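**Q** Okay, handing you the structure first.
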Amino acid sequence: MQFLQRSHAGKAAPRSLPAFARRLRAGLLLVGLLLVCASGASSAGAAAVPTSRPAAHAQTRTLPVNPRDVRMRQLIQEGRVASTVRVLDSLAPTLIVQFPLIPSGLKTAFPKASALVTIVNGDERSSIFDTVTVDVQNMPPNITFTIFLIELANKPFGNVEYVADLTTRGDGTGETIFQCIVFDAFAMDARNPGTSVDGREGTTSGINLEHMGMWFSSLKDAQQVLNDDSLQGTIFDGGNPPLHAGPQAMTDGQSAPVF
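So for the sequence shown, my numbering puts the first residue at 36; every next one is plus one.
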């Protein structure tokens, strides 16, 4: 009986092993099929995803029309304001203009010298000053210049008003920011005030100062920078002696007003 049981057990094992192997193989095949299907679905899903998102609809944002911008551009077109003046887009009631300064006394020694003047004018009905930025490049290094509002861009300059200093750095760059009344600057002798014609407003009192120039603050600096000991002093800096400043270095160079 024990022999039969051993014999039966011995025969049963060989018969059961193939069945187990078949079930195992079938299971493995099923798992493999599932993995293949899953991989295919993943690949299909990945393929369905665009490689790049479509560009969003570009929204063009424009500022509301500023009547002061429109008016200034019209004056430039009519030649009542210099063609070198550029009007920057701004929100009313602000007006922002820019114009360059070019070498005058510096022309031979520093022909690449340049300056950009930016004037921000607030509400003309209530603003008590304008904000002015003068930014220079390729200038003589470590030199102080004086900035004047002037009646005429070039000699004989006419009436003038000192407004600021600018000292360059060692690389010939520099900037200064100051606040004063620019768009309505004028000079007059109250004993004989007279009138003049403003490019924007028509006939006004006194003499309009509608140009800008820069002078060497020191005659000695000018003689050294320009290598000319024969240069004579000018009045374009305060202090003693009265003629201790040097010649004009930069100017807007325009006959029509720049502000």
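We put the CB at the ideal spot given by N, CA and C, even for glycine. All figures in this text were calculated on a predicted structure; none of them were measured in a lab.
Quick check on this structure: which residue in 290, 239, 275 and 261 has the alpha carbon closest to the alpha carbon of residue 178?
**A** It is 261 whose Cα lies nearest to the Cα of residue 178.
**Q** Excluding the five sequence neighbours on either side, which residues of its own chain have a C-beta within less than 7 Å of the C-beta of residue 125, listed in chain order?
**A** Here the set comprises 101, 104 and 131.
**Q** Identify whether residue 294 lies in helix, strand or coil by the three-state DSSP scheme.
**A** Note: residue 294 maps to coil in three-state DSSP.
**Q** Just checking, does the stretch 213 to 222 make contact with the stretch 159 to 168 on the three C-beta pairs under 8 Å criterion?
**A** Yes, the stretch 213 to 222 touches the stretch 159 to 168.
**Q** Helix or strand or just coil, what does DSSP make of residue 267?
**A** In the structure shown, residue 267 sits in coil (DSSP, three-state: anything other than H, G, I, E or B).
**Q** With residue 293 and residue 120 assumed to form a contact (beta carbons below 8 Å), what rounded beta-carbon distance in angstroms separates them?
**A** Indeed they touch by this definition, with Cβ atoms about 5 Å apart.
**Q** Indicate the three-state DSSP secondary structure (helix, strand or coil) for residue 104 in the structure shown.
**A** Looking at residue 104 - three-state DSSP - the assignment turns out to be helix.
**Q** Assuming residue 233 is part of the alpha helix (DSSP H), what are its boundary residues?
**A** No alpha helix (DSSP H) contains residue 233, which is instead part of the beta strand (DSSP E) from 230 to 233.
**Q** Going by beta carbon distance, what residues of the same chain come within less than 8 Å of residue 129, once the five residues before and after it are set aside?
**A** The residues are 101, 103, 155, 156, 157 and 158.
**Q** By DSSP, does residue 117 sit in helix, in strand, or in coil?
**A** Looking at residue 117 - three-state DSSP - the assignment turns out to be coil, as it is neither helix nor strand.
**Q** Whether or not the stretch 273 to 280 and the stretch 105 to 116 are in contact is what I'm after, with contact meaning three or more pairs of Cβ atoms, one per stretch, closer than 8 Å; do they touch?
**A** Judged by Cβ distances under 8 Å, the stretch 105 to 116 makes no contact with the stretch 273 to 280, as fewer than three pairs qualify.
**Q** Mind listing, in chain order, the continuous beta strand (DSSP E) runs of no fewer than 3 residues lying wholly within the stretch 140 to 228?
**A** Here the runs fully enclosed are 149 to 156, 165 to 172, 179 to 185, 195 to 202 and 209 to 215.
**Q** If we count Cβ pairs, one from each stretch, closer than 8 Å, do we get three or more for the stretch 136 to 143 versus the stretch 245 to 259?
**A** Verdict: yes, contact present.
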